[in-house]
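Residue numbers (full-length UniProt numbering): 1 to 370. No residue lacks a Cβ here, since even glycine has one placed at the ideal position from N, Cα and C. Since we're looking at a predicted model, the values are computed, not measured.
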């Protein structure tokens, strides 16, 4: 029996997220997702008059490939996959798996090769040249990370992914307008006192068109403007290891001190290249259904009352000049139950303890988005 929630999700992905048109080609890249959603996407693509292409991958096989990787081989893989991507008008990336730590024993130099070849191909071709959306799909391991039953997590997942993103998009307009007029940002909270500028860097709303789940407005700091200390209060899996108690000290935009539950390891990540110690994104999360971190960044970066501050590569839409092989979204939750915190724009309080306090931003508070 077909699950109506899967059919609705597939319909939204094809018709809202990537807006597939007649005669357009869409690559459905599936990492370990159950076949029901893939088949539903194929059916919806045909209904839209499009041409679906499907690529099936497995996280364990990816790990085996990376363990033996060298630059020459992965340059060929990136060239091969890039030639396919160039033929596409749209891309839907499905991600699932039974183990978030599948690449934990892949050496850092091998992960770097993957990032500088296949990862760069996605940045240069998929992100810039296709209509794209990336999403997770529920699994028992995700339910465990969320501390929920499997059935309970599935219900949560479809609430999050099938919410009215059109309504959210309209509600974001006030925040986008305010950010586009703002120069100085000041973040305050436990272990955090950070200032930076976002002057003349566009604010971009994300409401279901590139990520599912979605719910953030992002921009980037002026590259050399960041000063102070930022302490994150959520765990963050990256390159197969879960970092906790992460704290960065910035001077003129650069992370000059970094500590975590594995301080040596985090500094090796930040030493990937010159841009890894600078920041490529600042974003405010607003999804009303996502309350707690579950060590999955596509969910965690959208948590209501949160922000994320991202070492590494910036986006072209909010370009601050920072280039890096990494893009690491780390999340801080400012709700009262996580210790509270404030965001100031040009010395005016705009959000306190996760709740927007300006009337023009009230539509983004959780009770107005459900």
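It is roughly 28 angstroms from the alpha-carbon of residue 11 to the alpha-carbon of residue 119.
Using a Cβ distance threshold of 9 angstroms, residue 21 and residue 192 do not count as a contacting pair. Remark: C-beta atoms of residue 345 and residue 176 do not approach each other more closely than 9 angstroms. Within its own chain, the residues whose Cβ lies closer than 7 angstroms to the Cβ of residue 143, once the five positions on either side in sequence are excluded, are 149, 150 and 153, listed in chain order.
Classified as buried, residue 171 has 16 or more neighbouring CB atoms from the shown chains inside 10 Å of its CB. Less than 9 angstroms divides the Cβ of residue 5 from the Cβ of residue 158.
If you compare the alpha carbons of 89, 223, 164 and 104 with that of residue 368, the shortest gap goes to 164. Membership of residue 161 in any beta strand (DSSP E) is not indicated; the residue belongs instead to the alpha helix (DSSP H) covering 150 to 161. Secondary structure note for residue 194: its beta strand (DSSP E) is the uninterrupted segment 192 to 197. Here the segment 192 to 211 makes contact with the segment 123 to 143; the two share three or more CB pairs at distances below 8 angstroms.
Collapsing the DSSP output to three states places residue 241 in a strand. Here residue 311 is buried. Its C-beta has 16 or more other C-beta atoms within 10 Å. In this structure, residue 32 and residue 59 form a Cβ contact; the two beta carbons are roughly 6 angstroms apart against a cut-off of 8 angstroms. Annotation: the continuous beta strand (DSSP E) that includes residue 308 extends over 306 to 311. Here residue 36 is not near residue 13, since their CB atoms are 9 angstroms or more apart. Here residue 280 carries a strand assignment [DSSP, helix/strand/coil].
In the assembly as shown, residue 72 is an exposed residue. Its beta-carbon has fewer than 16 other beta-carbons within 10 Å. With fewer than 16 neighbouring CB atoms inside 10 Å of its own CB, residue 244 falls in the exposed class. Within its own chain, the residues whose Cβ lies closer than 8 angstroms to the Cβ of residue 78, once the five positions on either side in sequence are excluded, are 117, 118, 120 and 121, listed in chain order.
The shortest C-alpha to C-alpha distance from residue 173 to any of 370, 362 and 28 is the one to 362. By the criterion of a C-beta distance shorter than 6 angstroms, residue 40 is surrounded in its chain by 6, 7 and 10, once the five residues flanking it on both sides are discounted. The C-alpha of residue 52 lies about 9 angstroms from the C-alpha of residue 24. Here residue 112 is buried, its C-beta having at least 16 other C-beta atoms within 10 Å.
Within the same chain, 118 and 121 come within 7 angstroms of residue 81 by CB-CB distance, once the 5 residues on both sides are set aside. Looking at the backbone, the Cα of residue 266 and that of residue 370 are separated by about 37 angstroms.
For residue 41, the enclosing alpha helix (DSSP H) covers residues 35 to 47. In the three-state scheme derived from DSSP, where H, G and I count as helix and E and B as strand, residue 227 is classed as strand.
A buried status is given to residue 216, since no fewer than 16 other beta-carbon atoms sit within 10 Å of its beta-carbon.
Put simply, the backbone Cα of residue 42 is about 44 angstroms away from that of residue 248. The beta carbon of residue 54 sits closer than 6 angstroms to the beta carbons of 28 from its chain, once the five residues preceding and following it are set aside; these are given in chain order. Here residue 132 is bridged, per DSSP, to 91. By the neighbour-count criterion, in which 16 or more other beta carbons inside 10 Å mark a residue as buried, residue 332 falls on the buried side.
Check the Cα spacing between residue 325 and each of 68, 309, 91 and 280: the tightest is with 280.
In this structure, the alpha-carbon of residue 234 lies about 24 angstroms from that of residue 204. By the Cβ-count criterion, residue 18 is buried, with 16 or more other Cβ atoms from all chains shown falling within 10 Å of its own Cβ.
CA-to-CA, the gap between residue 316 and residue 348 works out to about 28 angstroms.
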